[in-house]
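Okay, so here's the structure we're looking at.
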Amino acid sequence: MSLQQGNPSAPGNNDRFSSAGFILAAIGSSVGLGNMWKFPYITGEHGGAAFFLLFIICLIIIGLPVLLAELAIGRAGRGSAATAYVKAGGPKAFAPFGLLQVIAPFIILSFYVIIAGWTLHYAVLSFSGKLFSDSNFSAQFSAFTGGYMPLIWQLIALALTGFVVARGISGGIEKFNKIIIPGLIVLLIVLMIRAVTLPGAEAGISFFLNPDFSKLSAEAALVALGHAFFSLSLGMGILLTYGAYVDKRQSLGSATLAIGAGDLIYAFIAGLIIFPTTASFGIAPDTGPSLVFIALPAAFSAMPLGAFFGGLFFVLLAFAALTSTVSLLEVPVSYVMERFGWGRTKSVVVVTISLLLVGLPSILSFGMVPWLDNIAGKSFFDWLDFITSNILLPIGGLVTTIFAGYYWKGAAEAAGLKSGWFKVWIFTMRYIAPVLMLLVLLHTSGIIKFE
Ligand code: PHE
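Residue numbers (my numbering): 198 to 648.
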C-alpha cells in the first residue's frame, strides 16, 4: 500500500476521486430522499415559489460557504471526519465535535437505509402491478412496514451500499455515482415530462412557481436554512470525509458551485414532479413516507401506464437514496480504518453489521414492537431522525463555521479562493453563518418558537 504522511489509514493513502467523479459523488450525496419528500411539502406550506427563493438564498449565502469550508478542512486534514479539524491544524478541543460527525451519519444511515429498502420493494411492487391490485395504499403500506419484509430489503440496500464502499473511492464510490447519476437524470426528465403533461397539472405548477410572499416569515427562513443544510448533506462529516480524497489541484470554489447547482436543479425538478402529479389527481402534497408511499401510488394507479411510471419513480428514489447511503457509510468506515488501522473490507463488514443492530429498533418501530412506536410521543425511528437532523446537524454546521472563522490559520490557503472572495467567505464564517446556525439549532430543538 502506498502511504502518505506515514499514516496507514486509508483516508491518507492515494485512493482519490477524479475531479468529475468527486463532484458527481458529492451531488449524489446531496440528492436524496429529503428533496423529494420534504422539500415539496415545506415549500407548499410556506408560500410556494417565495419559499423556493428563500431556499435558494440560504443555499447560496450560507450553504455553499459552509460546504466549501467542510471540503477545505477535509482536504487539509486528509483524515477521517473525526480527526479532520485537528489534523487541519485546529485545537484538540475540536476532536469530540469531529467524532460527533462520525456518529451522526452512522445513526442517520441506520434509519435512512431502511427507507432505501422500502423504495426497492415499491419499485418491484409497482413494475409487477401488485401495488395496484388493492387501492387501499395506506393499509398496504402499514402491512408492509409492520411486517418482516423491510428487514430483507434493508439487508439488500445495506449489502449494495457496503459492496460499493468496500471497493474504495475511485473504484467504488466514484464508479457507482458515474453509473447511477446519469440514470437518475434520465428518470428525472422522463417523470417531469410525464407530470407536467398530466391533465390539470397547471394548478400544481402555478402553486409551485407563483410566489405568495405573505407566507414568508422568520420561521420559514429557518426552515429553509435547515433544509438547505440537510439537502447539501452538511454538518454530517460527509464533506469532511470526501474532502480528504480530493486532489490538491481541484478548485474547491468551482466544485462547490457545481454541487450547489446540482442540488438546486434536483430540488426544482422534484417540485415539478410532485406538485403537478398531486394537483392532477386532487391529492394533498403530504410530507414524509405518506407522500411517496401512499399518496403518489394513488396517483400512479389512476394514470395510464401507471405501473410503469410508478416503477420508474421508485427506481429514481432508490437511486437517489443509494448515492446518499454510500456517502453516509464512507464516514464511519474511514474513521474505523484510521482509528483501528483495519483494511477497508473488514471495516465495511464491521460497520455494516453494527448498523444492522443499531437499525433494528427503528425497523421494529413500525408496528412489530408496539412500545417502540411511541416513546414520549415519537417512534424510535422518528427520534433518531429528530436528533440527527434537528440537533446534531446544526451543531456540526456551527462547529465548522466557528472553526473556519476563528480557529483556522490555514483557511486562506486551504480554501484557495481569490482574495476578494476569500474576504466574503471568511466574513460569512465569522459573523453570519454562526449566528444563523445557532438560531436554526434553537429553533429545530424547540427552544425558540415563533407565532
Ligand atoms: N442530502 C440527503 C437528502 O436530501 C440526505 C442526507 C443528509 C444524506 C445528510 C447524507 C447526510 O436526502
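Quick reminder that beta carbons are idealized off the backbone N, C-alpha and C, glycines included. Note that this is a predicted model, so its numbers are computed, not measured.
Alpha-carbon spacing of residue i relative to residue j, whole angstroms
{"i": "I349", "j": "G314", "result": "8 Å"}
{"i": "F404", "j": "I253", "result": "17 Å"}
{"i": "N232", "j": "L513", "result": "12 Å"}
{"i": "S216", "j": "K327", "result": "43 Å"}
{"i": "G468", "j": "F537", "result": "44 Å"}
{"i": "G607", "j": "W618", "result": "16 Å"}
{"i": "M534", "j": "I305", "result": "20 Å"}
{"i": "M626", "j": "L261", "result": "11 Å"}
{"i": "G274", "j": "L264", "result": "15 Å"}
{"i": "P347", "j": "Y309", "result": "12 Å"}
{"i": "G485", "j": "D579", "result": "11 Å"}
{"i": "A398", "j": "P631", "result": "41 Å"}
{"i": "I366", "j": "I456", "result": "18 Å"}
{"i": "I466", "j": "P288", "result": "42 Å"}
{"i": "F360", "j": "L526", "result": "11 Å"}
{"i": "I390", "j": "F236", "result": "20 Å"}
{"i": "L639", "j": "L256", "result": "19 Å"}
{"i": "F511", "j": "L413", "result": "32 Å"}
{"i": "A573", "j": "G564", "result": "16 Å"}
{"i": "Y319", "j": "F341", "result": "10 Å"}
{"i": "N571", "j": "L561", "result": "12 Å"}
{"i": "E371", "j": "F647", "result": "43 Å"}
{"i": "L250", "j": "M634", "result": "19 Å"}
{"i": "V369", "j": "T438", "result": "According to the sequence as given, residue 369 is Gly; it is not Val. Spanning the two alpha carbons is a distance of roughly 15 Å."}
{"i": "L384", "j": "L614", "result": "36 Å"}
{"i": "I353", "j": "G344", "result": "16 Å"}
{"i": "A517", "j": "I623", "result": "32 Å"}
{"i": "S616", "j": "G276", "result": "27 Å"}
{"i": "K445", "j": "G295", "result": "22 Å"}
{"i": "L388", "j": "P293", "result": "44 Å"}
{"i": "S411", "j": "Y463", "result": "26 Å"}
{"i": "I471", "j": "L381", "result": "16 Å"}
{"i": "P501", "j": "Q337", "result": "21 Å"}
{"i": "L581", "j": "A481", "result": "26 Å"}
Beta bridge counterpart(s) of residue i as assigned by DSSP
{"i": "K575", "result": "I572"}
CB of residue i within 8 Å of CB of residue j, strictly
{"i": "G434", "j": "P591", "result": "no"}
{"i": "S307", "j": "S559", "result": "yes"}
{"i": "T641", "j": "G479", "result": "no"}
{"i": "S498", "j": "S339", "result": "no"}
{"i": "G593", "j": "Q298", "result": "yes"}
{"i": "S430", "j": "L436", "result": "yes"}
{"i": "R272", "j": "G440", "result": "yes"}
{"i": "L519", "j": "I377", "result": "yes"}
{"i": "A278", "j": "Y442", "result": "no"}
{"i": "G218", "j": "K375", "result": "yes"}
{"i": "I629", "j": "I259", "result": "yes"}
{"i": "S524", "j": "G225", "result": "yes"}
{"i": "R556", "j": "I220", "result": "For the sequence presented, residue 556 should be read as Gly rather than Arg. Contact flag unset, no."}
{"i": "V393", "j": "W234", "result": "no"}
{"i": "F505", "j": "F291", "result": "no"}
{"i": "G503", "j": "F329", "result": "yes"}
{"i": "L493", "j": "G245", "result": "no"}
Supposed contact pair residue j and residue i - C-beta distance, whole angstroms, cut 8 Å
{"i": "A285", "j": "T598", "result": "A285 to T598, Cβ: 14 Å. No contact."}
{"i": "S323", "j": "I491", "result": "Wrong, their Cβ atoms sit about 13 Å apart, outside the cutoff."}
{"i": "P396", "j": "S325", "result": "Contact flag wrong, Cβ pair sits at about 27 Å."}
{"i": "P408", "j": "A247", "result": "4 Å"}
{"i": "A269", "j": "A612", "result": "5 Å"}
{"i": "R541", "j": "V530", "result": "7 Å"}
{"i": "L419", "j": "V637", "result": "5 Å"}
{"i": "A301", "j": "L589", "result": "4 Å"}
{"i": "D460", "j": "V228", "result": "6 Å"}
{"i": "A496", "j": "T522", "result": "Not quite, the Cβ-Cβ distance comes to about 26 Å (not below 8 Å), so this is no contact."}
{"i": "H243", "j": "A417", "result": "4 Å"}
Any chain D beta carbon closer than 8 Å to residue i
{"i": "I588", "result": "Given the protein chain composition of this structure (a single chain), no chain D is represented."}
Legend entry - Secondary structure, alpha helix (DSSP H): runs of 4+ residues fully inside the region 258-300: 261-274 and 278-284
Legend entry - Contained alpha helix (DSSP H) runs [length at least 4] in the region 364-425, N- to C-terminal order: 372-393 and 398-406
Inset, instruction - Pick out the complete alpha helix (DSSP H) segments inside the region 230-255, 4 residues or longer, and give them in chain order. - result: 230-234, 236-242 and 246-255
Inset, instruction - Would you list, in sequence order, the uninterrupted alpha helix (DSSP H) runs of no fewer than 4 residues that lie entirely inside the region 521-596? - result: 541-561, 567-570 and 577-582
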